[in-house]
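Asker: If you're matching positions, the sequence shown starts at 1 in full-length UniProt numbering and goes up one per residue. Positions of the beta carbon are idealized from the N, C-alpha and C atoms, including for glycine.
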Amino acid sequence: MIHKRNFAHAVAIGVMVFMGAAPASANAILRDLDRSGMVQGDVNIMMRSAASLYSEGRGKVGDEVSWKNPNTRADGVVRIISVEGACVTLAHRFRPKGAEPTRGLRTKRCLMDGIWVLSAP
Numbered sequence: 001m002i003h004k005r006n007f008a009h010a011v012a013i014g015v016m017v018f019m020g021a022a023p024a025s026a027n028a029i030l031r032d033l034d035r036s037g038m039v040q041g042d043v044n045i046m047m048r049s050a051a052s053l054y055s056e057g058r059g060k061v062g063d064e065v066s067w068k069n070p071n072t073r074a075d076g077v078v079r080i081i082s083v084e085g086a087c088v089t090l091a092h093r094f095r096p097k098g099a100e101p102t103r104g105l106r107t108k109r110c111l112m113d114g115i116w117v118l119s120a121p
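1) Would you mind giving the Cβ-Cβ distance between ALA74 and LYS97, rounded to the nearest angstrom? I have them listed as a contact below 8 Å.
2) In terms of residues, what are the limits of the beta strand (DSSP E) holding ASN69?
3) DSSP beta-bridge partners for LYS60?
4) Compute the Euclidean distance between the alpha carbons of ALA86 and GLY114, then round it to the nearest angstrom.
5) Can you name the start and end residues of the alpha helix (DSSP H) that VAL43 belongs to?
6) Kindly indicate which residue of ARG31, ARG48, VAL83, GLY41 has the alpha-carbon position closest to the one of ASP63.
7) Return the residue from the list ASN44, ILE80, VAL39 that minimises the CA-CA distance to HIS92.
8) Assuming VAL78 and MET46 are in contact, meaning their beta carbons sit under 8 Å apart, how far apart are those beta carbons, in whole angstroms?
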């Protein structure tokens, strides 16, 4: 069994490694995700899906992608809500374990030195 504290640290590390996040930004996202009921596998799928929207630099407002973790029944949608210069803001809507109602999270990524970095939304 994974203790909540260990899960929180695993999520924080996963978020920071995947997005190159600054610790303060990762901590805010961590708090939101920790309360959401999402597990590490859900977070990984959601973040990879989000990256598919902007990683090639072609994302535009309104682009979206759906994701699903068949192991946990969690699912969601990620949508680009703004593009400003080298930054993209995303709205994440998700249902941990298929639960209702959906939950939401906003993130912002900026391309810096060839790496997409988590920034304050």
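Answerer: Once the coordinates are examined:
1) 6 Å
2) 64-69
3) Per DSSP, none; premise fails for LYS60.
4) 10 Å
5) 40-54
6) VAL83
7) ILE80
8) 7 Å
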